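Structure record follows, encoded as structure tokens.
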Amino acid sequence: MRYRRPRGVNDILPDEVGQWQRAETAFRRLCKRYRYREIRTPVFEQTGLFTRTVGEESDIVRKEMYTFEDKGGHSLTLRAEGTAPTVRAFIENNLQGQDRERLVKLYYIAPIFRYDRPQAGRYRQHHQAGVEAIGSSNPAVDAEVIDLALAFYQEMGLEDVQLRLNSVGCPKCTPAYVETLKAALGAHVEELCPDCQRRYERNPLRILDCKQPACRRITEQVPKLLDMLCDECREHFEGLVAALDLLGIEYVLDPHIVRGLDYYTKTAFEFVCKGLGAQDSIGGGGRYDGLVEQCGGEPTPGVGFGIGLERVLLARKALGLEEGEPAREGVLVAALNDEAWAEAIKLTSELRDAGIIADLDYRRRSLRSQLRFANSEGFAATVILGEDELAKGVVVVRNMQTGEQQQVARTDAVEYLRNF
RNA sequence: GUGGACGUAGCUCAAUCGGCAGAGCACCUGACUGUGGCUCAGGUGGUUGUGGGUUCGAGUCCCAUCGUCCACCCCA
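In this note's numbering, the protein residues as written are 16 to 435.
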């Protein structure tokens, strides 16, 4: 029986790991600069954490979760998104401490699991790099997380990233808007797509997100939530826009951004990158002022985003930004006969003990083949050990970049190669 | 979850109407008996995704299944 990887999941192979580490390192460095601290939460959580926060009506909960029962009969779910687990850990470990005004800034890089039909840029396991800033309702914090995300895209060489911005209001203004929306749509319900007719009853806001041309025509006529925000939400949105202007960040107002997670309040945003086909959203987030309380904590506002790393890497590829050849490094110790082979094993070990990358060609082939091996494997140097060298107590060091060779006393070999 | 395209060597792809499974790259060996990259010569490599069916004969036609991709949907 030959096993294959399950549908929609990927192996990250040695040749690809470099670009992942590059992205992760860049994200970590930026987070540190903005003073976000890393948090690592479990790969599964109690199912209720997701169903109650993301929303029973969301696609994620209705059909995309990896849910299973453990031997104790508890319903668990693989991490379906990044915010709820972070908020859960924030509350459970009392990360805010006694200072109720303190802003706790956290980041994570973690796999996310959703059962969806796979496609390029859409997988059943993908990875998100995200931040959560919990404890402040200041719109300057919304601007800070957006600024951080954009800094990451820039660091990754993605130039044409568009910020799409909206406000989805709060429990004080959204219900009134929903009534207005339903009233405005009421006469056209028959013309909406079947999904939207469903949404009309259960989650009318999502109709604004529908991309069906027929629905689009109708929703364009309808009043915008942005024009009906309560004073608090309007002031917050104006504050965010002002802060973005201060930072020189451009944005496009997009009333269609509702986002598929129910906990969002006020700010909602999305980052879009051209050239990725249908899966062109490379990140998104928003504010969730009711989430901490909903998860059993003290009422505490928060804002954050998640960035899809697979899509960032795909975008780099589409732009031709793939990694170049890695720099040559390390030493191949080549042996020409059995006596030299024994010495080669010893020298390799000494080099490794000295912290130098070193290896042997265990196939015991001709010098020609060993040099070919050293070349294709990207070694910086080859040490040649043969009859002559053993007799003279020396080694020959060949620079694989230039082809220059140097005879070095066997006793000085490790030191010479340390400074190579 | 809906509709569609495509699965042939490690990689990229050929194979006419159903008639001997091929090329380039890569890899191995040699030309060069102790010197890589360039060149040249030779060579290894395949259950044509998998399982059935039709046929004298299937990579090719039919059915199923798995996978990848595209659009929708959704999202990152």
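Backbone N, C-alpha and C define an ideal beta-carbon position, used for all residues, glycine too. Here the structure is a predicted model, which is why all the values come from computation and not from measurement.
Measure the C-alpha to C-alpha separation of residue i and residue j and round it to an integer number of angstroms.
i      : j      : result
Glu365 : Ala350 : 16 Å
Cys230 : Tyr81  : 31 Å
Gly299 : Asp74  : 17 Å
Leu400 : Asn108 : 59 Å
Arg413 : Gly370 : 20 Å
Leu220 : Gly88  : 36 Å
Ile222 : Gly292 : 23 Å
Arg115 : Gly150 : 8 Å
Leu244 : Lys281 : 9 Å
Pro306 : Tyr278 : According to the sequence shown, residue 306 is Leu rather than Pro. If you take the alpha carbons of Leu306 and Tyr278, they lie about 6 Å apart.
Arg22  : Gly408 : 58 Å
Glu486 : Gly112 : Beyond the ends of the chain as shown, which are 16 and 435, falls residue 486; an answer cannot be given.
Cys310 : Leu375 : 56 Å
Glu84  : Pro154 : 41 Å
Ala144 : Arg103 : 18 Å
Glu340 : Leu91  : 43 Å
Pro133 : Cys225 : 21 Å
His141 : Arg20  : 14 Å
Cys208 : Arg217 : 14 Å
Pro418 : Val160 : The sequence given here places Gly at residue 418; Pro does not occur at that position. In a straight line, the C-alpha of Gly418 is about 50 Å away from that of Val160.
Met171 : Asn390 : 30 Å
Gln294 : Ile106 : 34 Å
Gly345 : Val429 : 12 Å
Thr234 : Ser182 : 16 Å
Thr189 : Ala257 : 23 Å
Gly63  : Ala373 : 51 Å
Pro436 : Met415 : Nothing can be reported for residue 436: it is not among the residues displayed for the chain, which extend from 16 to 435.
Arg249 : Val273 : 17 Å
Val204 : Arg213 : 10 Å
Ile360 : Tyr377 : 10 Å
His271 : Glu308 : 27 Å
Determine which residues share a DSSP beta bridge with residue i and list them.
i      : result
Leu261 : Paired residues: none, contrary to the question.
Gln416 : In DSSP, Gln416 forms no bridge with anything.
Leu91  : Gln61, Phe83
Gln36  : In the DSSP output, where bridge partners are listed per residue, Gln36 has none listed.
Ala41  : Per DSSP, none; premise fails for Ala41.
Glu53  : Tyr122
Ala424 : Val409
Beta carbon of residue i, beta carbon of residue j: below 8 Å?
i      : j      : result
Tyr192 : Gly184 : yes
Asp157 : Leu255 : yes
Leu173 : Ala330 : yes
Leu121 : Glu147 : yes
Asp304 : Gly317 : yes
Glu392 : Tyr138 : no
Gly319 : Thr98  : yes
Phe388 : Arg343 : no
Arg55  : Tyr123 : yes
Ile264 : Leu178 : yes
Tyr215 : Lys187 : no
Arg77  : Ile127 : no
Leu347 : Thr426 : no
Leu261 : Asp162 : no
Glu402 : Asn352 : yes
Asn34  : Leu328 : Looking at the sequence shown, residue 34 is not Asn but Gln. Result yes, Cβ atoms of Gln34 and Leu328 sit closer than 8 Å.
Glu79  : Asp131 : yes
List the endpoints of the continuous beta strand (DSSP E) containing residue i.
i      : result
Ala349 : 346-350
Ala135 : First-last for Ala135: undefined, no H or E at that position.
Ala395 : No beta strand (DSSP E) holds Ala395; DSSP gives it neither H nor E.
Val146 : 140-149
How would you write the range of the alpha helix (DSSP H) that residue i sits in, first residue to last?
i      : result
Lys78  : No alpha helix (DSSP H) holds Lys78; DSSP gives it neither H nor E.
Phe105 : 98-107
Ala406 : 402-407
Ile121 : The amino acid occupying residue 121 in the given sequence is Leu; Ile does not appear at that position. Per DSSP, Leu121 belongs to no alpha helix (DSSP H); it is in the beta strand (DSSP E), 119-128.
Tyr431 : 428-433
- Scan the stretch 351-385 and note each continuous alpha helix (DSSP H) run of 4 residues or more that stays entirely inside, going in chain order. Fully enclosed alpha helix (DSSP H) runs of 4 or longer: 353-368.
- Query: What beta strand (DSSP E) runs, 3 residues minimum, are completely inside the stretch 265-342?
  - Reply: 280-288, 296-302, 317-323
- Message: Report the start-end ranges of each beta strand (DSSP E) in the stretch 166-252 that is 3 residues or longer and not cut off at the edges.
- Response: 176-182
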